[in-house]
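**Q**
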Amino acid sequence: MHTVLQQLVNGLSLGSIYALLALGYTMVYGIIKLINFAHGDIYMLGAFWGYYVINQWHFSFWPALISAMIFCALAGVIIEYLAYRPLRNSPRIAALITAIGVSFLLENGMSYLFSSNVRSFPQAIAVKQYHLGSVTISNIQLLILVVSIVLMILLQLIIKETKMGKAMRAVSVDADAAQLIGINIDRTISFTFALGSALAGAAGVLIGLYYNSIDPLMGMTPGIKAFVAAVLGGIGLIPGAALGGFVIGLIETAVQALGFSAFKDAVVYAVLILILLVRPAGILGKNVKEKV
Amino acid sequence: MRGKKLATVLGTVMLAGSLLLAGCSSSATNGGNKQSGNTIKIGGNFELSGAAAAYGQAMQRGTELAVSQINKDGGVKVNGKKLKLQLVQKDNKSDNSQVASVASNLATQSKVVASVGPITSGADLAALPNYTKAKVPLITPGGTQDSLTVQKNGKVQPYMFRSCFEDSYQGKALAKYVYSNMKLKRVAILADKSTDYAQGLTKAFKKEFKGQVVQVQYYQAGDKDFNTLLTKLKGKKFDALFVPGYYSEAGLIVKQARQMGITQPIVGADGFADPKLVQIAGKKNASNIYYTTHFDSKATNNAKATAYMKAYKAKYNEQAGTFDALAYDATYMIKDAIENEKSADSTKIATGLANLKNFKGVTGTITMDKKHNPQKPVIIAKVENGEEVQATSVK
Amino acid sequence: MKKNLKYNLTWLAIMVVGYILIDVLELVGVIDQFAETTLVLIGINIILATGLNLIIGFSGQFSLGHAGFMAIGAYTSALITQAIPNGGGMVLGLIAGMALSALVALVVGIPTLRLNGDYLAIATMGVAEIIRIIMNNLKITNGPAGLYNIPQLANWSVVYLFVCLTTILIVNFIHSRDGRAVMSVREDEIAAESMGVNITKWKVIAFVLGAATAAIGGALHASYIQTIAPNDFGIMESINILIIVVMGGIGSITGTYVAAIVLGLLDMVLQNFGTLRMVLYSLALILIMVFKPSGLLGTWEFSVRRIFTKFKAKGDA
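Residue numbers (the working numbering), protein chains in the order written: chain A, 1 to 292; chain B, 1001 to 1395; chain C, 2001 to 2317.
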């Protein structure tokens, strides 16, 4: 029994990482219907930023986290401005290829500048293990869980309660109509990218700290997993991304705990396909009926 | 219908054409690449970008260091003349199609007389046909798969060599060491499912190990969270954990296992032998760890290794690892082969490499066996608190 | 009918002349082994990308799982040619690979092709990953090490032949009545359905046909490179094929040819740039997409008919 509880904790802690990344995916998708393949690489940038400022400028954890969020927000806005904005009225698949190009550029550019080697992330917070009965949880796992939940709530508040959030929702429903009523689309989209990328930056520092290993290709696999999580939960929806992330974390854990570790990813994809067949717009997604 | 008819006509015409011309094109056989001028061109088929870039870049550094040292020492002596080495390197982006393309580029365009790399077994297999066609020997610092150097009919691949151990050699040595020296009877295995390196090691270990293999679990290269697998293992009774895989994941496994309270010894192969293992795991966690290596970091019994590590540190401001040392040796093995055969023609180098005896390298004293596998002692190192405390040579 | 014969004969002549040209160039030494490798890799990419273009460009279904079907073709034909290492085995392997791949596409396609846009993309990507993971775990496929010592039965003439064959097959399909039905699905599903077009059927047919051509590409890849491993058929491979399709112009077979050739040559040149290679490649990719968002050729097609008509018009004038 205690193993099951421990595995549950493991699954939730893994899931919170996917959820944190999936949030950024889902926001960008929600507003311009773009699968931002470079999102995972912005997370990598965040991790490298954290590595740099903690090692070189001796930042402590919180300043490193916040500066990484600002840095990634900037990076996200610049990428949007240079690579995605010119393609806003082009076929969506062209923008997708550009996003893939940006992803390649970030991965290989970093690899060119800093070599592809794995680096160990500086331990800005000492690891402590808490034993709650038979369950062990580390302070960093808790930190990730708490930070991701806080960020999710904050995000939901921004979208639901602020003026900018209202503008974001309006643009995502109908960009042209939003423009007509005086919403600055460019600024709204930039803001969305900034927000999504800041989340990725936070994830980069947190995960760097947790696993203690970063490399230029670290964004690839989690990026794709996070995208799967966003789709699973219903892409474009903040609660959907969170749910999808936790579901995938738990599925992966369950499959491994049952002893089918070699098929971990296959099961995740199989579940994804099955859920999409039953609910074609994801778990929380609303199936929009087509009208002629 | 129309398309079909067209296709048939087209097919016939082309078949006829290729039959007509086949005779002519195959007659242009060559006897390998000849060395000419004042330099000896060797090729580098490197994974500089893509998934295996970290290992490929290490290979590049080792090779470059070797070439610059050889040239600084005057070059390679061929028939009384000192010839400089010239490294022609190309990136294969860790992609097998590109590996094959780079191989033919190096062999037919650059006319290299030998090639270092690619580093993974799969890539070596993709590169080999083109090198074999051009009769250019390929020496890999990292292709450990047993069957790499043998053809389907059991004969040795004439142009395939390696400077690393083959999987079964290491797997067996480890199995023996765990059972006989460490006296441990129950082993759990946590293996990388995405590389043939880990699979080969697992297979060899399981075959040789006389005790009991309690459980085998798998992860994928690139995974970062092993808590679930380790939680599962923690409930089982085992004396040692064998982790066939590379340091980037193994470091995390060591870290997460120790944090979870798994205190049993963790055993690995030469994929562990990199300073980054300890960096990732953390000094405190990196205790009670055993792995095979090519040179112990104290290097008390190998002056070459000491010099190498110093030179590497001076040039790259980083500690040397396994792959760069193996690539360094591979380059020097080519030099030795040339000097022994007194010729830098590609076919002669192949002969020289096959007959290599008592080559004193960084990674040990090497003699090539009949299957082009280097015979050298396996060293098993023990790490406590991030420091290597003991190194035993096993045969 | 007579007119069509004229156009077809011209196409045939172009193909045969192309073949002889390459053969002669090889004979006089302009094309060496390296250039030949490049040509073969371009050819295989053309086969893969035209098949994907049929799915994405003509039936409008966004598939990200092409590498999975490529893997099925590669493994099937590799296993068969290892057992029967001659031309007959190659043909048998190709047919079996195509059949198996088409079968899997059928089974997967019928339920998933109801999904729209990006959901379909992620579902097909999932299918391809599942296929890859199965190959990674099966004994017969030799796990992560993959298959090697596959007899090299595909030389460049075989690849050239299959480039021509798949192109003929796909172009004829597109220009047929069936092809128009497929394109009507792309333009507007509801309108097509109300005109009596069975949209699921045509989507699935296009998908299955694309999967079968992917199997050809996979089989030729296996035979030419002589070694295959599950990691060759990951998401990246699907993306690489997608890049060719989009860069050439979605819905333009000529564009696919041009993009495959441009990227193939780029790959050849970039080998010399070491670590910088992929940086330059990605920059090229971004710049091309930013300045030519509809691809190099858009939906433009090279057409013999048009040239003939033009000549005629000039002659008349």
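Ideal Cβ placement from N, Cα and C applies to all residues, glycine included.
Quick one: give me the first and last residue of the alpha helix (DSSP H) that residue 1091 (chain B) is part of.
**A** Taking the first residue of the second sequence as position 1, residue 1091 (chain B) is located at position 91. From DSSP, residue 1091 (chain B) is part of no alpha helix (DSSP H) but of the beta strand (DSSP E) over 1081-1091.
**Q** By how many angstroms is the C-alpha of residue 2244 (chain C) removed from the C-alpha of residue 176 (chain A)?
**A** In the first sequence, counting from the first residue as 1, residue 176 (chain A) sits at position 176. In the third sequence, counting from the first residue as 1, residue 2244 (chain C) sits at position 244. Taking the straight line from one Cα to the other gives about 32 Å.
**Q** How would you call residue 123 (chain A), buried or exposed, if buried means at least 16 neighbouring beta carbons within 10 angstroms?
**A** Working through the first sequence from its first residue, we reach residue 123 (chain A) at position 123. By the neighbour-count rule (16 or more Cβ atoms within 10 Å), residue 123 (chain A) is not buried but exposed.
**Q** Please list the partners that residue 2126 (chain C) has in chain A, where partner means a Cβ-to-Cβ separation under 7 Å.
**A** Translated into the one-based positions of the third sequence, residue 2126 (chain C) becomes position 126. Here the neighbours are 269, 272, 273.
**Q** For residue 1372 (chain B), name the three-state secondary structure that DSSP assigns.
**A** As a working note, residue 1372 (chain B) is residue 372 in the second sequence. Of the three classes helix, strand and coil, the one that applies to residue 1372 (chain B) here is coil, per DSSP.
**Q** Counting only runs of 3+ residues fully inside the stretch 93-150 of chain A, write out the beta strand (DSSP E) ranges in chain order.
**A** Runs found: 129-132, 135-138.
**Q** Going straight from the alpha carbon of residue 1019 (chain B) to that of residue 2130 (chain C), what length do you get?
**A** Position 19 of the second sequence, counted from the start, is the residue given in the question as residue 1019 (chain B). Position 130 of the third sequence, counted from the start, is the residue given in the question as residue 2130 (chain C). In this prediction, residue 1019 (chain B) has a pLDDT of 45, which is less than 50 and means its spatial position is unreliable; nothing more can be read from the coordinates.
**Q** Express the C-alpha separation of residue 2032 (chain C) and residue 1159 (chain B) in angstroms, rounding to a whole number.
**A** Residue 1159 (chain B) sits at position 159 when you count from the first residue of the second sequence. Residue 2032 (chain C) sits at position 32 when you count from the first residue of the third sequence. Distance between the alpha carbons of residue 1159 (chain B) and residue 2032 (chain C) is about 21 Å.
**Q** Using three-state DSSP, classify residue 1341 (chain B) as helix, strand or coil.
**A** Here residue 1341 (chain B) refers to the residue found at position 341 of the second sequence. If DSSP states are grouped into helix, strand and coil, residue 1341 (chain B) belongs with the helices.
**Q** Would you report the Cα separation of residue 1284 (chain B) and residue 1258 (chain B), rounded to the nearest angstrom?
**A** Numbered from its first residue, the second sequence carries residue 1284 (chain B) at position 284. Numbered from its first residue, the second sequence carries residue 1258 (chain B) at position 258. Answer to the nearest angstrom: the Cα atoms are 9 Å apart.
**Q** Would residue 2132 (chain C) be called buried (16 or more neighbouring beta carbons within 10 Å of its own) or exposed?
**A** The sequence position of residue 2132 (chain C) within the third sequence is 132, counting from 1. Buried.
**Q** If the criterion is Cβ atoms closer than 8 Å, does the pair residue 111 (chain A) and residue 222 (chain A) meet it?
**A** Within the first sequence, residue 111 (chain A) is the residue found at index 111, counting from 1. Within the first sequence, residue 222 (chain A) is the residue found at index 222, counting from 1. Contact: no.
**Q** To the nearest angstrom, how far is the alpha carbon of residue 2242 (chain C) from that of residue 1081 (chain B)?
**A** By 1-based counting over the third sequence, the position of residue 2242 (chain C) is 242. By 1-based counting over the second sequence, the position of residue 1081 (chain B) is 81. For residue 2242 (chain C) and residue 1081 (chain B), the distance between alpha carbons rounds to 53 Å.
**Q** When you compare the stretch 2019-2027 of chain C with the stretch 2212-2230 of chain C, are there three or more beta-carbon pairs, one atom per stretch, that lie closer than 8 Å?
**A** As far as the Cβ criterion goes, the stretch 2019-2027 of chain C does not touch the stretch 2212-2230 of chain C, which means the pair count is below three.
**Q** So, helix, strand or coil for residue 1224 (chain B), using DSSP?
**A** Indexing the second sequence from 1 puts residue 1224 (chain B) at position 224. Residue state, collapsed to three classes: coil.
**Q** Which residues mark the beginning and the end of the alpha helix (DSSP H) in which residue 2132 (chain C) is found?
**A** By one-based count along the third sequence, residue 2132 (chain C) stands at place 132. Here the alpha helix (DSSP H) through residue 2132 (chain C) covers 2117-2137.
**Q** With 8 Å as the limit, tell me which residues of the stretch 208-228 of chain A have their beta carbon closer than that to any beta carbon of chain C; keep them in chain order.
**A** Cβ contacts with chain C come from 224, 227, 228.
**Q** My assumption, with CB atoms under 8 Å, is that residue 1465 (chain B) sits in contact with residue 1273 (chain B). Please give the rounded CB distance.
**A** Any answer about residue 1465 (chain B) is impossible in this case: the structure gives chain B only from 1001 up to 1395.
**Q** Please confirm if residue 63 (chain A) has its CB atom under 8 Å from at least one CB of chain C.
**A** Within the first sequence, residue 63 (chain A) is the residue found at index 63, counting from 1. Not an interface residue.
**Q** So that I know if they touch, is there some Cβ in chain C lying closer than 8 Å to that of residue 1109 (chain B)?
**A** Here residue 1109 (chain B) refers to the residue found at position 109 when the second sequence is read from its first residue. Chain C, which has a Cβ nearer than 8 Å to the Cβ of residue 1109 (chain B), makes this yes.
**Q** I'd like to know if residue 2148 (chain C) contacts chain B, where contact means its C-beta is closer than 8 Å to some C-beta of that chain.
**A** By one-based count along the third sequence, residue 2148 (chain C) stands at place 148. Yes, residue 2148 (chain C) counts as interfacial toward chain B.
**Q** Between which two residues does the alpha helix (DSSP H) holding residue 82 (chain A) run?
**A** Position 82 of the first sequence, counting from 1, holds the residue named residue 82 (chain A). First-last for residue 82 (chain A): undefined, no H or E at that position.
**Q** Could you check whether the Cβ of residue 2014 (chain C) sits closer than 8 Å to any Cβ belonging to chain A?
**A** As a working mapping, residue 2014 (chain C) is identified with position 14 in the third sequence. Chain A, which has no Cβ nearer than 8 Å to the Cβ of residue 2014 (chain C), makes this no.
**Q** Distance cutoff 8 Å, beta carbons only. Does residue 276 (chain A) sit that close to anything in chain C?
**A** The residue given as residue 276 (chain A) occupies position 276 in the first sequence. Closer than 8 Å to some Cβ of chain C, the Cβ of residue 276 (chain A) qualifies, so yes.
**Q** Label residue 1073 (chain B) either buried or exposed according to how many other C-beta atoms from any shown protein chain fall within 10 Å of its C-beta, with 16 as the threshold for buried.
**A** Indexing the second sequence from 1 puts residue 1073 (chain B) at position 73. It counts as exposed.
**Q** Could you check whether the stretch 2150-2164 of chain C touches the stretch 1200-1207 of chain B, counting it as contact only if at least three pairs of C-beta atoms, one from each stretch, sit closer than 8 Å?
**A** The stretch 2150-2164 of chain C vs the stretch 1200-1207 of chain B: no contact.
**Q** From residue 1281 (chain B) to residue 1386 (chain B), what does the alpha carbon distance come to, in whole angstroms?
**A** The residue labelled residue 1281 (chain B) in the question sits at position 281 within the second sequence. The residue labelled residue 1386 (chain B) in the question sits at position 386 within the second sequence. If I take the Cα positions, the gap works out to 9 Å.
**Q** May I ask you to report which of helix, strand or coil DSSP gives residue 1001 (chain B)?
**A** For the purposes of this step, residue 1001 (chain B) is taken as residue 1 along the second sequence, with counting starting at 1. Below a pLDDT of 50, predicted positions are generally treated as unreliable, and residue 1001 (chain B), at 40, falls in that range; no measurement from the model is reported.
**Q** Is the Cβ-Cβ distance between residue 1164 (chain B) and residue 1141 (chain B) less than 8 Å?
**A** The sequence position of residue 1164 (chain B) within the second sequence is 164, counting from 1. The sequence position of residue 1141 (chain B) within the second sequence is 141, counting from 1. Yes.
**Q** Which one of B:1360, B:1137, B:1344, B:1254 has the shortest CA to CA distance from residue 1305 (chain B)?
**A** For this step, residue 1305 (chain B) is matched to residue 305 along the second sequence. The shortest C-alpha separation from residue 1305 (chain B) is found at B:1360.
**Q** Quick one: complete beta strand (DSSP E) runs, 3+ long, within the stretch 1217-1296 of chain B?
**A** As far as the stretch 1217-1296 of chain B is concerned, its whole beta strand (DSSP E) runs of at least 3 residues are 1240-1242, 1266-1268, 1289-1293.
**Q** Count the other CB atoms, across all protein chains shown, that sit within 10 Å of the CB of residue 263 (chain A); report buried if there are 16 or more and exposed otherwise.
**A** In the first sequence, the residue the question calls residue 263 (chain A) occupies position 263. Per the 10 Å Cβ criterion, buried.
**Q** Can the beta-carbon of residue 121 (chain A) be found less than 8 Å from the beta-carbon of residue 51 (chain A)?
**A** The count along the first sequence starts at 1 and reaches residue 121 (chain A) at position 121. The count along the first sequence starts at 1 and reaches residue 51 (chain A) at position 51. Their beta carbons are under 8 Å apart, which means residue 121 (chain A) touches residue 51 (chain A) by this criterion.
**Q** Could you check if residue 2299 (chain C) is buried or exposed, using at least 16 other CB atoms within 10 Å of its CB as the buried criterion?
**A** Against the third sequence, residue 2299 (chain C) aligns to sequence position 299. Exposed, since its Cβ has fewer than 16 Cβ neighbours within 10 Å.
**Q** Ordered along the chain, which non-local residues of its own chain (more than five positions away) have a Cβ less than 8 Å from that of residue 2078 (chain C)?
**A** Working through the third sequence from its first residue, we reach residue 2078 (chain C) at position 78. For residue 2078 (chain C), where only same-chain residues beyond five positions count, the Cβ hits under 8 Å are 2093, 2147, 2150, 2219, 2222, 2223, 2228.
**Q** So which residues on chain B does residue 1949 (chain C) lean against when the C-beta distance must stay under 8 Å?
**A** Look at the range of chain C in this structure, 2001 to 2317, and you will see that residue 1949 (chain C) is not part of it.
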